[in-house]
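Some notes on the structure that comes next.
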Amino acid sequence: MGEVIVITSGKGGVGKTTTTANLGVALAQLGLKTCLVDADIGLRNLDVVLGLENRIVYDLVDVVEGFCRLRQALIRDKRLDGLSLLPAAQTKDKTAVTPEQMREVTEELRQEFDYILVDSPAGIEQGFKNAIAGAERALIVATPEVASVRDADRIIGLLEAAEIPPARLIVNRLRPGMVRKGDMMSVDDIVDILAIDLIGVVPEDEQIVVTTNRGEPAALSHDSRAGESYRAIARRIRGDEVPFAEMDEPAGFFSRLRRIFGQA
Amino acid sequence: MLNLFGRSQSRDVAKNRLRNVLAHDRADTSPEFMEHLRNDVMRIVSEYVEVGGQGVDLQLQSVEDHVALVANIPVKQLRRRGRQGNN
Chain A
-7 MGEVIVITSG KGGVGKTTTT ANLGVALAQL GLKTCLVDAD IGLRNLDVVL
43 GLENRIVYDL VDVVEGFCRL RQALIRDKRL DGLSLLPAAQ TKDKTAVTPE
93 QMREVTEELR QEFDYILVDS PAGIEQGFKN AIAGAERALI VATPEVASVR
143 DADRIIGLLE AAEIPPARLI VNRLRPGMVR KGDMMSVDDI VDILAIDLIG
193 VVPEDEQIVV TTNRGEPAAL SHDSRAGESY RAIARRIRGD EVPFAEMDEP
243 AGFFSRLRRI FGQA
Chain B
22 MLNLFGRSQS RDVAKNRLRN VLAHDRADTS PEFMEHLRND VMRIVSEYVE
72 VGGQGVDLQL QSVEDHVALV ANIPVKQLRR RGRQGNN
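Line by line, the protein sequences give chains A and B. Here our numbering is used: the first residue of the first sequence is -7, the next is one more, and so on. Here our numbering is used: the first residue of the second sequence is 22, the next is one more, and so on.
Here it is in structure tokens:
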């Protein structure tokens, strides 16, 4: 029996969909059968981030309305064995699916997959309620900004109220250089304020823009720092003890110089 | 921490603003929170003083850069003995 994990944040634009796509890739690379579910009905995105937008025939709403069987709506990723996508509908709105229907869909997926990652829409309305309906675990994505951390705190409260076990935090788009200069909150600052466990830190990485342009998630290649972070998170999801890497700037000339002079 | 120009670092400013805003959010999002706090405070306080019925006011307020728990509790009279009975 697989496990259903919702990826959520409250605030939009912090990287939920990119995180979902990359964790899916990283879990599949570990040989775990993984299904990604786009719960953002009406604003379908996960398909383009994964580069699977041309292969959609049926979607989540078709499944719950009985136009097709679940299996027919799943898109298998040809680049990576074990990764599938259940796309959202683009033309319907959030009321097209109820939390109860969502629970049934994820329950059916649990029979076949090791992990089901549900990409939640932003906000705390029905779309969010659908996304968490079948979830047994939650990952919260937050960037080191006041608005994002504030919204994450609200989401933590709502997940507690929904009796989903304590969520774990992914700090996204961290810029270690700015943290060192005192111009960005550190991972510790955020963990301290939110009082939840950390599961990973993803540094700001231009490769994310490039790989998203191409529809090839960064975790597919081995030359991206963000991709490396996603692979570490995937292993922690599986239950491995993976030490947290020191989040540091690449050891360029100046940073080495700074370190020598004790200013790093 | 202050930077070269004597301004506090934006990291610390962000942290303080967050703490402040979350103190309010957390109290707002669960009305039970303030209710529990009020009940517990009243339970302890009434061991020392006789509280004057209605009009107990307990709230979180923003004071400049921090949050304060402000209580206004009407007192009928002090109890002769505190809770330990020895003062």
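For each residue, glycine too, the CB sits at the ideal point set by N, CA and C.
Whether A:A88 touches A:V(-2) by CB criterion (8 Å) | By 1-based counting over the first sequence, the position of residue 88 of chain A is 96. By 1-based counting over the first sequence, the position of residue -2 of chain A is 6. Cβ atoms of A:A88 and A:V(-2): not closer than 8 Å.
Hey, does B:A48 have any beta-carbon neighbour from chain A nearer than 8 Å?
-> Residue mapping note: residue 48 of chain B aligns to position 27 of the second sequence, counting from 1. Judged by the 8 Å Cβ criterion, B:A48 is not in contact with chain A.
Using a beta-carbon distance cut-off of less than 9 Å, what residues from the stretch 129 to 148 of chain A approach chain B?
-> P136, E137, V138, V141, R142, D145 and R146
A:Q93: which of A:Y107, A:G115, A:E104 and A:G119 sits nearest, CA to CA?
-> In the first sequence, counting from the first residue as 1, residue 93 of chain A sits at position 101. The shortest Cα separation from A:Q93 among A:Y107, A:G115, A:E104 and A:G119 belongs to A:G119.
Would you list the residues sitting across from A:I132 in a DSSP beta bridge?
-> The sequence position of residue 132 of chain A within the first sequence is 140, counting from 1. Its beta-bridge partners are A:T0 and A:L161.
In angstroms with no decimal places, state the Cα-to-Cα distance between A:I182 and A:N122.
-> As a first step, residue 182 of chain A is located in the first sequence; it is residue number 190 there, counting from the start. As a first step, residue 122 of chain A is located in the first sequence; it is residue number 130 there, counting from the start. Rounded to the nearest angstrom, the two C-alpha atoms are 27 Å apart.
Please classify A:L42: does DSSP put it in a helix, a strand, or coil?
-> As a working note, residue 42 of chain A is residue 50 in the first sequence. A:L42: helix per DSSP, three-state reduction.
Straight-line gap, A:L50 to B:Q30 (C-alpha atoms, nearest Å) | Sequence index remark: in the first sequence, residue 50 of chain A carries index 58 (1-based). Sequence index remark: in the second sequence, residue 30 of chain B carries index 9 (1-based). One detail in the question is off: residue 50 of chain A reads as Tyr in this sequence, not Leu. So the alpha carbons of these two residues sit roughly 51 Å apart.
Give a yes or no on whether 8 Å exceeds the smallest Cβ distance from A:G174 to chain B.
-> Translated into positions along the first sequence, residue 174 of chain A becomes position 182. At least one chain B Cβ lies under 8 Å of A:G174.
Check whether A:V6 and A:T135 have beta carbons under 8 Å apart = Walking along the first sequence from the start, residue 6 of chain A turns up at place 14. Walking along the first sequence from the start, residue 135 of chain A turns up at place 143. Yes. Within cutoff.
Thinking C-alpha only, which one of A:D106, A:G74, A:D111 and A:R63 is nearest A:L131?
-> Here residue 131 of chain A refers to the residue found at position 139 when the first sequence is read from its first residue. Taking only the C-alpha atoms, the option nearest A:L131 is A:D111.
Give the single residue among A:L35, A:N14, A:D32 and A:E57 whose Cα lies nearest to the Cα of A:L75.
-> For this step, residue 75 of chain A is matched to residue 83 along the first sequence. A:L75 has its Cα closest to that of A:N14, out of A:L35, A:N14, A:D32 and A:E57.
Segments assigned alpha helix (DSSP H), at least 4 residues, entirely inside the stretch 147 to 196 of chain A = 168 to 173 and 179 to 186
May I have the straight-line CA-CA distance separating A:T12 from A:M170, to the nearest angstrom?
-> The count along the first sequence starts at 1 and reaches residue 12 of chain A at position 20. The count along the first sequence starts at 1 and reaches residue 170 of chain A at position 178. Going by the C-alpha atoms only, they are around 26 Å apart.
Whole angstroms is fine: what's the gap from A:S257's alpha carbon to B:N37's?
-> The question about residue 257 of chain A has no answer here: the residues shown for chain A are numbered -7 through 256.
Identify which residue in A:R172, A:K8 and A:A20 has its Cα closest to the Cα of A:T0.
-> Looking up residue 0 of chain A in the first sequence gives position 8. The shortest C-alpha separation from A:T0 is found at A:K8.
Give a yes or no on whether 8 Å exceeds the smallest Cβ distance from B:K97 to chain A.
-> Start at 1 with the first residue of the second sequence, and residue 97 of chain B comes out as number 76. No, B:K97 does not count as interfacial toward chain A.
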